[in-house]
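*Asks:* Here you go, one structure.
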Amino acid sequence: MSIVLGPYEIQNIGVPQLWAGAEDSVSPGNLVAAIESPDKKVPVLLVPHSPDAMALKVQSKLTVELFLGFNPASKKVEFSPTPIVWDVDRSAGEGRYRIKIPGGGLSWAVDPAAPPGQPISLLPSDPDSENQVWKAVLLPQE
């Protein structure tokens, strides 16, 4: 995939009504949630580091730069002032990705039985789980 510059929203494939967003405020340490509400989606800019690794920078008007990072203790995706370079596994098919912690076997995941607003978790990678597969949807340029 060649990277098209611009903001993206990140959608889950297994539960397509869920998107990466903020249930509360977009602040350092707050959890990234799987949300349905369009006004709670959090657009990100893809910052490539290699063909299969990138940081996800929050596009916002905040005075502090934020990225989608993770908390190793809770195994949850959270907003972080420190860039995290995620491994991007393209084995799920064209335009479908597993977003993994760097050098680890944990992937972004949602629980299909949990309600919207659940935090995006980091679970052991499962090649058969569509709930660990995501796509990046380029937003229209204004």
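All the letters of the sequence shown, read from the start, carry residue numbers 1 to 142 under the UniProt record's numbering.
Heads up, the beta-carbon is just placed ideally off N, CA and C, and yes, glycines get one too.
Between Leu56 and Trp19, which are expected to be in contact by the criterion C-beta below 8 Å, what is the C-beta distance as a whole number of angstroms?
*Replies:* The Cβ separation is near 13 Å, so there is no contact.
*Asks:* My assumption, with CB atoms under 8 Å, is that Phe67 sits in contact with Val77. Please give the rounded CB distance.
*Replies:* Their Cβ separation, rounded to whole angstroms, is 11 Å, which puts Phe67 and Val77 out of contact at 8 Å.
*Asks:* The beta strand (DSSP E) spanning Gly21 covers which residue range?
*Replies:* Segment 19-21, the beta strand (DSSP E) holding Gly21.
*Asks:* Buried or exposed for Gly21, please, with buried defined as at least 16 other CB atoms from any protein chain shown within 10 angstroms of its CB.
*Replies:* It counts as buried.
*Asks:* With distances taken between CB atoms, is the gap from Glu9 to Pro116 smaller than 9 Å?
*Replies:* No, the Cβ-Cβ distance between Glu9 and Pro116 is not below 9 Å.
*Asks:* Where does Asp39 fall in DSSP's three states?
*Replies:* Helix, per DSSP.
*Asks:* Among residues of its own chain, excluding the 5 on either side of Asp126, which ones have a beta-carbon nearer than 7 Å to its beta-carbon?
*Replies:* Closer than 7 Å at the Cβ level, and outside the excluded window around Asp126, lie Gln132.
*Asks:* CA-CA distance, Gln59 and Gln141?
*Replies:* Taking the straight line joining both Cα atoms gives about 13 Å.
*Asks:* May I ask which residues mark the beginning and end of the beta strand (DSSP E) holding Gly69?
*Replies:* First-last of the beta strand (DSSP E) with Gly69: 67-71.
*Asks:* Is Ala73 near the ligand NAD, judged by its Cβ being under 8 Å from some heavy atom?
*Replies:* With respect to the ligand NAD, the structure shown offers nothing to examine, as it has no ligands at all.
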